[in-house]
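Participant: Take this structure, written in structure tokens, and hold onto it; I'll ask about it next.
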Amino acid sequence: MTRLATGAVIDGVAVITLDNPPVNALSAALRADLLAEVERAIGDAGVRAIVLICAGRTFIAGADITEFGKAPQPPSFADLFDVIENAPKPVVAALHGTALGGGFELALACHYRIAAQGAKVGLPEVHLGLLPGAGGTQRVPRVVGAQAALEIITSGRQIRASEALALGLVDRLAEADLREDALAFARQIVADGARCPRIRDREDRIAADRASPDLFADFAKANARRFKGFAAPSGIVEAVRAAVTLPFEEGLARETALFDELVASPQSAAQRHVFFAEREAARVPALPAEVQPIEIGSVGVIGAGTMGGGITMNFLNAGIPVRLIETTQEALDRGLGAIRRNYEAAAKKGRMSADQVEQRMALITPGLDLAALAEVDLVIEAVYESMEVKTDIFCKLDRIARPGAILASNTSFLDLNRIAAATNRPEWVIGLHFFSPANIMRLLEVVNGSATAWPVIACAMKLAKRIGKVAVLSGVCDGFIANRLLAPRGVQAEAMMLEGTPIAEIDRVLVDYGFAMGHFQMMDLVGLDVIGRDATERSVMGDLVGAGRLGQKRGAGYYDYDEQRRPSPSPVTLGLIGEVAAAKGIAASPTTGDDALLARLLYPVVNEGARILDEGIALRASDIDIAAILGYNWPVYRGGPLFWADQIGLPRIVAEMRALEAEHGETFAPAPLLVRLAEQGLGFGDKA
Ligand code: 3H9
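In structure tokens, the structure reads:
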């Protein structure tokens, strides 16, 4: 068997190289090999110091996440770290790439740390619904103090080497070659007396923290909004408090107990599912292996409105030049102004420099003529949703764009195949459906037309990663994956409203489930005039617009808003709901009870997901979860609608849907796939 850790002694320094691609995850096998090598080096009288370094693109990026939920295999992290920390010879960790989670915790158990200039360190466990379970919550506060430790661990952010040096989390930065510099550092340590300082013995920072016992409650309070619904942050606060208030061993035991609780929780299972689902989404099994993605060096965007501007920013941020086209100078100026304001606001917050603002703006070539797109590699059309306008643009693009250019539409529900048919090259046409605000939302639905060629799909999937998006491949259907999936939630919210369920109750249940806002709050935020533009029959929304209640921007929509934009129930809306219900002959029968409300709102989403999967619109159940999480802010700790459904159990959902069907009609008829899986005792996650 290949050994994952190998040692070589160079001038009295044992260099132990870890090699477990792709990210050197600290699996049981790697822990065993590393332990053997460290013990060998400790026992070797010719070895005066030890350097731990990794092969490949990164230092250890954490524990092996696939091992969570399985029976733990020896050696444990604690046993391995004990041997390293108590080694009688100095141990130096040499960090490059991303030293994260259990990898960074290993480095903190070493006596010294040296980092390559471009390295980053961090404890991202919180993103997996966990806390650092290998001493991170105990050692980091001993270096940086409790306040900074809380910030670092609850944010899970990656810290650049220079900041890590300033914070004392690493001892020095390599100047040139990490391995050579680590060796030189080890030799110098030996020459200076071969001290083996242990972070666990450091008291100064936490002694100071003991003087401010309120800091934990204050931190939790100040971040209550950010932590809402998540279990891991309070576990982290608790563990860091233990670091300050308990002796090291007891603090460590507290950390382990809290970690064990979280790792067994449905939240962490959901967040781990999301971690792998995001990566899985990039894979298209049917893509022939020999297909080479087309490279994109320049982009054209048609439409400088909110969507087109946001789309443009993604490419500018990745250093890709954009030709931005509008129909009038005024619209173009407005669009450019909005992009600039956005960047300047980011610069004001310290997220970029003034120079970077200018560099990004300089990548835009504005224009009023589609002919300017003759040479770009990819054109993205982002004009309003009209088949007529879009087919006209694609017909023109067909004449203008160079052969081999990809022609993409940002349509959110129109038939991509009809758009493609307006050209003589439908194989070069694809859907790139961004979500608003397009520079922020991470989902990109890549819509595969019936004629779209494989290299075009391969290109879109690869490009998504380059511009920081998570691509999910979708077939052509009304609303593609995310919009189609979530539409039934809105339908049911509005149906319940007309049946007399208070809208504030409907919204509250969604917020308690974990959504950032409820259905009606979201409508008010987006603007009722914008959403209800194409309505054909009488609706509460239409009446609200008629009454000038356009949403938050007017201080009144479904809700009334005060100056701080806080919503309160509106008697006007209540009256309109009654009128519309009466006009439609809907009798009052409010839904009560959180579970009943939730089932009514979200089981139809699960059902639609089953149809989307069964029809082959989505490649896999986890893609549907990703679309909901990244496109609609479905709470990540629920794992998405289909993962959530699996956790509830499909037989229970089918039974409840049948009861709803008996009461409210066939909208609730469980989808065939849902019934099939339930009968077979399977979940969506089991569907191949
Ligand atoms: C932890 O450490 C707990 C401890 O505190 C306590 C223990 C007691 N395990 O993201 P990429 C795979 S919790 C297993 O595409 P990039 C990933 O699935 C852990 N697999 O690359 C993918 O596989 P595939 C704390 C992992 O360059 C491949 O590696 N650490 C792990 O864009 C490439 O990944 C973290 O949460 C893992 N830990 O980004 C860090 N990590 O090719 C998680 C990655 O089959 N990892 N894989 O799809 C990351 O954030 C990114 O992967 C990283 C590289 C930044 C490292």
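For the sequence shown, the numbering used here assigns the number -6 to the initial residue and increments by one for each residue that follows. We put the beta carbon where it would ideally sit given N, CA and C, even for glycine.
By the three-class DSSP mapping on this structure, what secondary structure does Phe220 have?
Facilitator: helix
Participant: I'd like the list of long-range same chain contacts for Pro651, defined as Cβ closer than 7 Å, with 5 residues on each side in sequence excluded.
Facilitator: A quick correction: the sequence has Arg, not Pro, at residue 651. Correct list, in chain order: Pro663.
Participant: Quick check: Gly632 and Ala475, are their CB atoms within less than 8 Å of each other?
Facilitator: no
Participant: Residues in the same chain with beta-carbon distance under 6 Å from Gly244, minus the five sequence neighbours each way, listed in chain order, please.
Facilitator: Gln131, Ala235 and Ala236
Participant: Whose C-beta lies closer than 6 Å to the C-beta of Arg165 among residues of the same chain, with five residues either side of it excluded?
Facilitator: Taken in chain order, the residues that qualify are Ile107.
Participant: Can you tell which of Glu30, Ile399, Ala100 and Gly602 has its C-alpha closest to the C-alpha of Asp7?
Facilitator: Correcting the residue identity first, residue 7 is Ala in this sequence and not Asp. Measuring from the Cα of Ala7, the nearest candidate turns out to be Glu30.
Participant: If you draw a straight line from the alpha carbon of Ile229 to that of Leu143, how long is it in whole angstroms?
Facilitator: 7 Å
Participant: Beta carbon of Arg24, beta carbon of Pro68: below 8 Å?
Facilitator: yes
Participant: To the nearest angstrom, how far is it from the Cα of Ala42 to the Cα of Arg188?
Facilitator: 10 Å
Participant: Any chance you could list the beta strand (DSSP E) runs of at least 3 consecutive residues sitting entirely within the stretch 337 to 370, in chain order?
Facilitator: 357 to 360
Participant: If we ignore side chains and look at the alpha-carbon of each, how far apart do Met300 and Gly678 end up?
Facilitator: 34 Å
Participant: Compute the minimum distance between the beta carbon of Gly55 and the heavy atoms of the ligand 3H9, and state whether it is under 7 Å.
Facilitator: yes
Participant: Quick check: does the Cβ of Val504 come within less than 7 Å of any heavy atom belonging to the ligand 3H9?
Facilitator: no
Participant: Let me check one thing: in DSSP terms, what residues is Lys113 bridge-paired to?
Facilitator: Thr91 and Arg153
Participant: Alpha carbon to alpha carbon, how far is Arg645 from Trp447?
Facilitator: 40 Å
Participant: Taking the alpha-carbon positions, what's the Leu158 to Ala217 distance?
Facilitator: 30 Å
Participant: Mind checking whether the beta-carbon of Pro190 lies closer than 7 Å to any heavy atom of the ligand 3H9?
Facilitator: Answer for Pro190: no, Cβ out of range of the ligand 3H9.
Participant: Using the DSSP secondary-structure output, state which residues sit across from Glu659 in a beta bridge.
Facilitator: In DSSP, Glu659 forms no bridge with anything.
Participant: State the start and end residues of the unbroken beta strand (DSSP E) segment that holds Thr(-1).
Facilitator: Ala(-2) to Ile3
Participant: For Leu121, verify whether its CB is less than 7 Å away from any heavy atom of the ligand 3H9.
Facilitator: yes
Participant: Would you list the one or two residues that DSSP bridges to Ser205?
Facilitator: Looking at the DSSP assignment, Ser205 forms no beta bridge with any residue, so it has no partner.
Participant: Please report how far the alpha carbon of Val599 lies from the alpha carbon of Gln140, in whole angstroms.
Facilitator: 41 Å
Participant: Could you check whether Leu88 and Ala112 sit closer than 8 Å to each other, using their CB atoms as the reference points?
Facilitator: yes
Participant: Is Val16 near the ligand 3H9, judged by its Cβ being under 7 Å from some heavy atom?
Facilitator: yes
Participant: Answer with buried or exposed for Met534, where buried requires no fewer than 16 other C-beta atoms within 10 angstroms of its C-beta.
Facilitator: buried
Participant: Pull up the DSSP beta-bridge partners for Gly293, would you.
Facilitator: Arg316 and Val372
Participant: Give me the residue from Glu492, Ala457, His120 and Gly442 with the minimum Cα distance to Arg435.
Facilitator: Checked all of Glu492, Ala457, His120 and Gly442; the closest Cα to Arg435 is Ala457.
Participant: Could you please give me the residues that DSSP links to Ile107 through a beta bridge?
Facilitator: Ala87 and Arg165
Participant: With burial defined as no fewer than 16 other Cβ atoms inside 10 Å of the residue's Cβ, what is the status of Gln557: buried or exposed?
Facilitator: Looking at its Cβ environment, which holds fewer than 16 other Cβ atoms inside 10 Å, Gln557 is exposed.
Participant: Under a three-way DSSP split, which group does Thr584 fall into?
Facilitator: coil
Participant: Just tell me which of Ala263, Val114, Tyr552 and Arg559 has its CA closest to the CA of Phe636.
Facilitator: The residue with the shortest Cα to Cα distance from Phe636 is Ala263.
Participant: Alpha carbon to alpha carbon, how far is Gly96 from Thr51?
Facilitator: Within the model, the alpha-carbon separation for Gly96 versus Thr51 is close to 10 Å.
Participant: Output yes if chain B places a C-beta closer than 8 Å to the C-beta of Arg333; else output no.
Facilitator: Among the protein chains of the structure shown there is no chain B, as only one such chain exists.
Participant: Within 10 angstroms of its Cβ, does Lys342 collect 16 or more other Cβ (buried), or is it exposed?
Facilitator: exposed
Participant: Short check: CB of Arg542 to CB of Leu521, under 8 Å?
Facilitator: A Cβ-Cβ contact shorter than 8 Å links Arg542 with Leu521.
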